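Numbering (my numbering), first residue to last: 407 to 546.
Note that beta-carbon positions come from the ideal geometry of N, C-alpha and C, so glycine has one too.
The model shown is predicted, which means the values in this text are computed figures rather than measured ones.
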Ligand code: HEC
């Protein structure tokens, strides 16, 4: 009887672990896919800026995304990164107009329903997930 209780508790604990791992993985899997599709060419697989662009475009400026917390006094500059990735605040001429950075805030809009509340909500979700991803690769 006692063994059954222990075995059941272990199985229950294991299933909880599995659920949390699966949930965490599902959330980051989408962001990882977006990162690989839309960011890797310039920022590299590990975020250190060794993407294909640095190899094929002469003088391409390498941007290391793993040092953002370090260069901001140990605190990840979440809002700043969000605005840079969304990109729309750049449009009136803030930040760097000549940047090669894609405008995810426009790119991730739902086709045919651009700028609707639902479309904006999806953009926010995808950009936030990318920001989480970038936060996750920060070097301490
Ligand atoms: C075509 C090349 C290119 C692509 C693709 C690209 N970036 Fe960038 N990224 C840059 C450049 C170049 C800079 C440096 C700022 C500038 O010159 O505009 C930059 C800057 C950044 C910064 C600010 C870094 C800092 O030091 O403040 C973040 C954050 C960033 N990129 C995240 C991303 C994410 C996330 C993606 C994918 C959605 C992405 N980038 C896609 C070229 C790119």
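Three Cβ pairs or more, each shorter than 8 Å: is that satisfied between the stretch 507-522 and the stretch 472-488? As far as the Cβ criterion goes, the stretch 507-522 does not touch the stretch 472-488, which means the pair count is below three.
Alpha carbon to alpha carbon, how far is residue 457 from residue 449? In the chain shown, residue 457 corresponds to position 51, counting from 1. In the chain shown, residue 449 corresponds to position 43, counting from 1. So the alpha carbons of these two residues sit roughly 5 Å apart.
Where do the ends of the alpha helix (DSSP H) carrying residue 461 lie? Here residue 461 refers to the residue found at position 55 when the chain shown is read from its first residue. 458-462 is the span of the alpha helix (DSSP H), which, as asked, contains residue 461.
From 464, 506, 521 and 489, pick the residue whose C-alpha is nearest to that of residue 536; which is it? On the chain shown, residue 536 is found 130 positions in, with the first residue counted as 1. Looking at the Cα atoms, 489 is the closest of the given residues.
With C-beta atoms as the reference, is residue 545 less than 8 Å away from residue 461? Here residue 545 refers to the residue found at position 139 of the chain shown. Here residue 461 refers to the residue found at position 55 of the chain shown. Contact check for residue 545 against residue 461 fails: the beta carbons are separated by 8 Å or more.
Going by alpha carbons, who is nearest to residue 508 out of 451, 437, 444 and 524? As a first step, residue 508 must be located in the chain shown, where it is residue number 102. The candidate whose alpha carbon is nearest that of residue 508 is 444.
Classify residue 542: buried if its beta carbon has 16 or more other beta carbons within 10 angstroms, exposed otherwise. The residue labelled residue 542 in the question sits at position 136 within the chain shown. Answer is exposed; the Cβ neighbour count stays below 16.
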